[in-house]
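**Q** Supplied in structure tokens, the structure appears directly below.
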Amino acid sequence: MTPEEEFAEALRVRRKAAGLSLGELSRLVNYSKSYLSRVENGTRMPGPALARECDTVLHAEGELLGLLPDRPTRPVSAGPLARPGRRGRRRGPGPSGAAPAPSGTSGTSGTSRTARTPGTSGSEFDQLIRRGDARHLLGDMYEAGRLYLAAYRAAEGDDLARAHAVVRCARRWSDPGQVDRELLARIDECLKTLAGREDLPAVELRLRLTAHRAKKLTMGVGDDTAVAGAEPGTSVDRARGVLRELRDRLPGIGAETHCEVLTECRWALYDFAPAAELLALSAELRDVAVRSRSMYFIGEALVALAIDQLRVGRVTAADATVRRHREHAVHRHSTLAHWQQGTLDALMNLWQGEFAAAEEWIIGESRTIAETMERDLAVPADTLSQTCLGQAYWLRHEQGRMAELFDSPLMAGVRRRDYFPVWRAGLALALCETGRHDQAADQVLAFAADTGGFTRFPPSGWALPTAAVLAEACAELAVRDVRVGELLPYVPPLRALLDAHPGELVLAGWPTVLLGPAARFSGLLALVAGEPETALGHLRRAVRLAQHSPAQMTRLRLDEARARLRSDSAAVRAGARGLARTALGTAEELGMAAVARDCREFLRLPATGP
Numbered sequence: 012m013t014p015e016e017e018f019a020e021a022l023r024v025r026r027k028a029a030g031l032s033l034g035e036l037s038r039l040v041n042y043s044k045s046y047l048s049r050v051e052n053g054t055r056m057p058g059p060a061l062a063r064e065c066d067t068v069l070h071a072e073g074e075l076l077g078l079l080p081d082r083p084t085r086p087v088s089a090g091p092l093a094r095p096g097r098r099g100r101r102r103g104p105g106p107s108g109a110a111p112a113p114s115g116t117s118g119t120s121g122t123s124r125t126a127r128t129p130g131t132s133g134s135e136f137d138q139l140i141r142r143g144d145a146r147h148l149l150g151d152m153y154e155a156g157r158l159y160l161a162a163y164r165a166a167e168g169d170d171l172a173r174a175h176a177v178v179r180c181a182r183r184w185s186d187p188g189q190v191d192r193e194l195l196a197r198i199d200e201c202l203k204t205l206a207g208r209e210d211l212p213a214v215e216l217r218l219r220l221t222a223h224r225a226k227k228l229t230m231g232v233g234d235d236t237a238v239a240g241a242e243p244g245t246s247v248d249r250a251r252g253v254l255r256e257l258r259d260r261l262p263g264i265g266a267e268t269h270c271e272v273l274t275e276c277r278w279a280l281y282d283f284a285p286a287a288e289l290l291a292l293s294a295e296l297r298d299v300a301v302r303s304r305s306m307y308f309i310g311e312a313l314v315a316l317a318i319d320q321l322r323v324g325r326v327t328a329a330d331a332t333v334r335r336h337r338e339h340a341v342h343r344h345s346t347l348a349h350w351q352q353g354t355l356d357a358l359m360n361l362w363q364g365e366f367a368a369a370e371e372w373i374i375g376e377s378r379t380i381a382e383t384m385e386r387d388l389a390v391p392a393d394t395l396s397q398t399c400l401g402q403a404y405w406l407r408h409e410q411g412r413m414a415e416l417f418d419s420p421l422m423a424g425v426r427r428r429d430y431f432p433v434w435r436a437g438l439a440l441a442l443c444e445t446g447r448h449d450q451a452a453d454q455v456l457a458f459a460a461d462t463g464g465f466t467r468f469p470p471s472g473w474a475l476p477t478a479a480v481l482a483e484a485c486a487e488l489a490v491r492d493v494r495v496g497e498l499l500p501y502v503p504p505l506r507a508l509l510d511a512h513p514g515e516l517v518l519a520g521w522p523t524v525l526l527g528p529a530a531r532f533s534g535l536l537a538l539v540a541g542e543p544e545t546a547l548g549h550l551r552r553a554v555r556l557a558q559h560s561p562a563q564m565t566r567l568r569l570d571e572a573r574a575r576l577r578s579d580s581a582a583v584r585a586g587a588r589g590l591a592r593t594a595l596g597t598a599e600e601l602g603m604a605a606v607a608r609d610c611r612e613f614l615r616l617p618a619t620g621p
């Protein structure tokens, strides 16, 4: 591909992603449509003035200017270059000569165009990496991966260049719960070739590759998906070691490497470190990403920060971060960024009880985008599918319409993904909510048998939503008095896991839905174990975290009513019915049919308890 063709492709992709016709772009950049057409057809190489105008209009963050061939520079006016009195139309390009790209910027990576990988300056390798960056920024991960892999092959014999390409390959999303063994083999090969080198480029690449390796190994969530001899937990020490080395070598390490190590190590620690520790990493990542001016890392930082703020219960701060991500998504002109933003908005809508707004996205546009991107092989298929399924599942759970989901093709997706622990728990809860209580108990007991009685879960991450959903299923079985004696031996490990996170909200997915305060699920399990006073203590702590969520408060009031009714104190029991009546009113207002039904059943019980 010639430099003209490379620029033409990048411009065409950017223009279409922005939803602009060639004529509309012509008016915005003050160049004739016929000249732009020649540029977009690859028959003319534009000058820096046009490249800069297109960068600005299309929010390309210097990517298009960076695609111009290196040539001697001449001063170029930073303002509009339309000739006076001509309504801004041109017959040809503006002044020739390319202004250098700002240091630290180039599309997705934040790498300066002048800071090429040693041994590859001006080569096919550079071109492939830039094209891959442009595709990745727009959310076309498969095409980006293909280009990065081509760059890796083109760099045979150049250890640094090959490592650089593998770092780019590693940024592509992996299917949830699965380990990319082919990628791990390439990472290991590159680490072997860089071992012992102390020159700065080799050190930075080694840090980045090691961080990616730690993160990729944690993608396995069970014996069937983990890499033998390198289970997810073994990566924790490696991730912490990389972070220590990074800090020891600062400030000599570049901003891009700093961002990459923080991003990947944070994910490597996700299932094992406290949420507060990860929040400190994501806040640092945000600050470094802003300084690096990398669109890729700014997007990564905002999503990570929103996730960690939600997990520690800072919902208001997370909402502000989600709004900042919305601005970022608009600038990216990426279908994937738009989908990520819609998913974040739907998560907040579910938390706030705005089910109609959530449903419009979850059942409508989200599924359409996911199906299109999967059909076009833009991203790993299961990444979007599981998020869509998770939000649809929780929406129907909140609405009390699980039977609709259970009888739809979506439930086949739940069963097909039972290698992922949260979906095994989700199936048990779905069986409970559709009246199949014995089947639900069978599911919980089989799950316990496969996981050492729920003792083989990591201390955080995916384990928390799995335990929370199991707690809700067990609580429902206890209310219906179904095989409680068989379940009781497996309650203590779930309680221990949840009790270790008293001040956190339980987040499922990365991110998909907020299930509620961990303290609420601790309270449910305490009630299953016959400890109503302990349950009440947990539920009161949960209220402090959920007081701005009408849907959560509705469930918590019914939970507290049930716990009060089992208290030995008459004074405590006396407040139960008032709580249930309040919960009933809110449930009816929000359209939470199953909770409203449970409230009515509760109010029909004798005042002395069931």
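Taking this note's numbering, the leading residue of the sequence shown gets 12, the next gets one more, and so forth. Where is the CB? At the ideal position from N, CA and C, for every residue including glycine.
(1) If we count the other Cβ atoms within 10 Å of its Cβ and call it buried at 16 or more, is E483 buried or exposed?
(2) Output the distance between the C-alpha atoms of A381 and G324, rounded to the nearest integer angstrom.
(3) Please say whether H512 and L535 have beta carbons closer to each other than 8 Å?
(4) So, are the CB atoms of G188 and V232 less than 8 Å apart?
(5) Taking C-beta to C-beta, are V490 and D449 nearer than 8 Å?
(6) Can you tell me whether S120 is helix, strand or coil according to DSSP?
(7) Note down, in chain order, each residue of its chain lying with its Cβ closer than 6 Å to the Cβ of L76, except the 5 sequence neighbours on either side.
(8) Assuming the contact rule is C-beta atoms closer than 8 Å, V68 and L33 should be a hit. Round their C-beta distance to whole Å, please.
(9) If you follow the alpha helix (DSSP H) that P80 is part of, which residue opens it and which one closes it?
(10) Is K27 buried or exposed, if buried means 16 or more other CB atoms sit within 10 Å of its CB?
(11) To the nearest angstrom, how far is the alpha carbon of A170 from that of V554?
(12) Go through the region 15–56 residue by residue and report every complete run of the alpha helix (DSSP H) that reaches 4 residues or more, in order.
(13) Considering only residues of the same chain and omitting the five flanking positions on each side of I309, which have a CB-CB separation below 7 Å?
(14) Compute the distance between the beta-carbons of R146 and A71, then report whether it is under 8 Å.
(15) Are the beta-carbon atoms belonging to V190 and V238 less than 8 Å from one another?
(16) Taking the alpha carbon of G30 as the reference point, which residue from T346, F613 and L290 has its own alpha carbon closest?
(17) Which of the three DSSP states, helix, strand or coil, is assigned to R611?
(18) Would V539 and V606 be called neighbours here (beta carbons separated by less than 8 Å)?
(19) Under 8 Å between the Cβ atoms of L481 and A452?
(20) One question on the structure: do V433 and A562 come within less than 8 Å of each other, judged by their Cβ atoms?
(21) Among the residues of its own chain, which have a CB less than 6 Å from the CB of A436, if the five just before and after it don't count?
(22) A225 and I198 - do their beta-carbons sit closer together than 8 Å?
(23) Quick check on P476: does DSSP put it in helix, strand or coil?
(24) Cβ of R38 less than 8 Å from any chain B Cβ?
(25) For the 8 Å Cβ check, are there 3 or more pairs between the region 258–268 and the region 198–216?
(26) Contact check, E487 vs C443 under 8 Å by CB: the rounded distance?
(27) Look up L567 in the DSSP assignment and say whether it is helix, strand or coil.
**A** With the given structure in hand:
(1) So E483 counts as buried.
(2) Each residue's alpha carbon lies about 29 Å from the other.
(3) Cβ atoms of L535 and H512: not closer than 8 Å.
(4) With contacts defined as CB atoms closer than 8 Å, G188 and V232 qualify as a contacting pair.
(5) For the 8 Å CB-CB criterion, V490 and D449 do not form a contact.
(6) For S120, the predicted structure reports a pLDDT of 40, less than 50, and the residue's modelled location is therefore unreliable. The matter cannot be settled from this model.
(7) Same-chain partners within the cutoff: A62, R63, D66 and A112.
(8) Not a contact, Cβ separation roughly 13 Å.
(9) Run containing P80: none; DSSP gives neither H nor E here.
(10) It is exposed - the Cβ of K27 has fewer than 16 other Cβ atoms within 10 Å.
(11) Residue 170 is actually Asp in this sequence, not Ala. Near 56 Å, if we compare the C-alpha coordinates of V554 and D170.
(12) As summarised for the region 15–56, the continuous alpha helix (DSSP H) elements at least 4 residues long and confined to that stretch are 33–40 and 44–51, given in chain order.
(13) The residues are A300, V301 and H339.
(14) In this structure, the beta-carbon distance from R146 to A71 does not fall below 8 Å.
(15) Cβ distance < 8 Å, so V190 and V238 count as in contact.
(16) Each of T346, F613 and L290 was checked against the Cα of G30, and the nearest Cα belongs to T346.
(17) Reduced to three states, the DSSP call for R611 is helix.
(18) No, the pair does not count as a contact, with Cβ atoms beyond the cut-off.
(19) No. Outside cutoff.
(20) Between V433 and A562, the CB-CB gap reaches or exceeds 8 Å.
(21) So the list reads T477, V480 and L481, once near-sequence residues are dropped.
(22) Taking C-beta atoms as the reference points, I198 and A225 fail to come closer than 8 Å.
(23) In the structure shown, P476 sits in a helix (DSSP, three-state: H, G or I).
(24) Checking the listed chains, one finds no chain B in this structure; it contains a single protein chain.
(25) Output reads yes: the region 198–216 touches the region 258–268.
(26) The pair is a contact, with the Cβ atoms about 4 Å apart (cut-off 8 Å).
(27) In the structure shown, L567 falls within a helical segment according to DSSP collapsed to helix, strand and coil.
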